[in-house]
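Read the structure below first, then the notes.
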Amino acid sequence: MSQVLSQKSINRIYWLSWIVYCCSYFGRYNFSATIADIVNQGLYTKAQLGIVGTVFFIVYGSGQLINGILGDRFSPYKMIFFGAFVSSLANLMMCFSSNLVMMCIVWGINGFAQSMLWAPIIYIVSNTMHGEHLKKAQARLAATLPVGTLSAYAVTTLVIRTLSWQYVFIIASAVLMLISVIWAANALLLGAENRKIVPLNRQTGEPVEKKSFIQIAVASGFFLMIIPVILHAMLKDGVMTWVPTMIMELFKVQPSFSTMLTLVLPILNFIGAIVVTAIFNRGKKSEAKIACYFFAFALIPIVALLFINHYTPLVCVLLLSLITSSMCGINHIFLTLIPVSFAKEGKAATMAGFLDCIAYAGSAVSTYSFGKIAENFGWEKIIVFWLGFSAAALVFCLFLVRKWEKYRKRT
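Count along the sequence shown from 1, then add 144; that gives the number in the numbering used here.
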């Protein structure tokens, strides 16, 4: 692409990719933001709604694996359009779903559609931007999570207080439909959708020699990444999904108030990703070593939460924010920085898909299991699990450091 499109056009495609992924959160986190209100209305229990969330994460994770592999073979522009377009339709159908089974089916469709976005975006970024442009692009991609999540929770809070939870999905559908049309129009205008991006060796300018997934996985220490990726996702999405309900039940506040409090989370989450990017761009610490620092730091607020009954709702949310901020920093490492490193092997989208698939396997488990544990044993027991998860992930990352740094030096 860089051979046939100007830097101005590349920047335009990049910023459109950024906007698309940011908007995708409207159609992804809107469900978790409505859980407290749906439960409060007595429509379904936490465990039942947890099943819907689990279906999404299972399908999304599987889709990441499939679309990651396809992303290295087919037009990323078409994949991004279809993903946003189908997600728009799924969100519209969600507000008309009359029973739990229908909600699971529709939200599962949405999960697969959403999985068509990230790997193609990573493919475009890693193969069209280099040097300082790439570093800045990676940092800006990290902002999609807090901006998208903050927007989703803010809109949800406003809509729930003034209308009903069904309108949350209608608004998400409209946003995704609009951005999919804008994306398609710009891709056609630039002629980008007909141009295959060929990964090039940055020293010779020749097409890269592609290796098998197994060869790359063994050399890079990929298999040591699996546990940290799963556990960080369980913490990140498990906390994000259940915070509104947790605050409502522990402190007896209104659903809209508990959701409003969680607006603090996305703001601080962005700080985690920015700190990771700043440390990484200095060039003195590897991605794996930075992940160790962040898992270790997360242990502090988790231990503090063991005494959750002694805090106010705001203090509780701030401690939870420190956890999710750390996990979002780690998320940026494993799902953005590390996959981009595989572009030189011609496997950026594939590795992004594999790592995202693994992450959402953890998310799927946490969404249902955390709701079930909370119902049977209370929120205090969940915090003990969080402590164990972070400690275990830290141990695996310590083993990963040497292997990953050796791979990075060799490639």
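Positions of the beta carbon are idealized from the N, C-alpha and C atoms, including for glycine.
Annotation: the continuous alpha helix (DSSP H) that includes residue 207 extends over 190-215. A Cβ-Cβ contact shorter than 8 Å links residue 379 with residue 471.
In the same chain as residue 438, and ignoring 5 residues on each side of it, the C-beta atoms closer than 6 Å to its own belong to 470, 473, 474, in chain order. Excluding sequence positions up to five before and after residue 171, its CB lies within less than 6 Å of the CB of 231, 235, 316, 320, all in the same chain and listed in chain order. Separation of the CB atoms of residue 510 and residue 382 is rounded to 3 Å, and the pair is thereby assigned contact status at 8 Å.
Judged by pairs of C-beta atoms under 8 Å, the segment 484-497 does not touch the segment 161-180, as fewer than three such pairs exist. With fewer than 16 neighbouring CB atoms inside 10 Å of its own CB, residue 362 falls in the exposed class.
CA-CA distance, residue 187 to residue 386, rounds to 17 Å. For residue 451, there is no enclosing alpha helix (DSSP H), as DSSP gives it neither H nor E. For the options 155, 389, 289, 366, the alpha carbon positioned closest to that of residue 194 is the one of 389.
Selection 276, 419, 167 evaluated against residue 258 yields 167 as nearest (Cα-Cα). Take residue 191, set aside five residues on each side of it, and the residues of its chain with a beta-carbon closer than 8 Å to its own are 512, 515, 516, 519, in chain order. Using a Cβ-Cβ distance cut-off of 8 Å, the segment 197-216 and the segment 243-252 are in contact, since at least three pairs of beta carbons, one from each stretch, lie closer than that value.
Counting only runs of 4+ residues, the alpha helix (DSSP H) found wholly inside the segment 266-351 occupies 275-286, 288-306, 310-334, in chain order. Excluding sequence positions up to five before and after residue 498, its CB lies within less than 7 Å of the CB of 209, 212, all in the same chain and listed in chain order.
Between the C-alpha atoms of residue 296 and residue 313 there is a straight-line separation of about 10 Å. Taking residue 283 as the centre and dropping the five residues before and after it, the same chain places the C-beta of 421 closer than 6 Å to its C-beta, in chain order.
With contacts defined by Cβ atoms closer than 8 Å, residue 430 and residue 276 do not form a contacting pair. CA-CA distance, residue 521 to residue 466, rounds to 24 Å. With fewer than 16 other beta carbons inside 10 angstroms of its own, residue 243 counts as exposed. Annotation: the continuous alpha helix (DSSP H) that includes residue 494 extends over 492-521.
Each of 255, 536, 247 was checked against the Cα of residue 440, and the nearest Cα belongs to 536. Taking a 10 Å sphere around the C-beta of residue 159, we find fewer than 16 other C-beta atoms and assign the residue as exposed.
Straight-line measurement puts the Cα of residue 165 at about 15 Å from the Cα of residue 318. In the three-state reduction of the DSSP assignment, residue 392 falls in the helix class, which pools H, G and I. One thing to note: residue 489 has its Cβ within 8 Å of the Cβ of residue 360. The C-beta separation of residue 214 from residue 223 comes to about 7 Å, placing the pair in contact by the 8 Å criterion.
Secondary structure of residue 173 (DSSP, three-state): coil. With respect to the 8 Å criterion, residue 526 and residue 457 are not classified as neighbours on the basis of their beta carbons. When secondary structure is reduced to three states using DSSP, residue 359 falls in the helix class.
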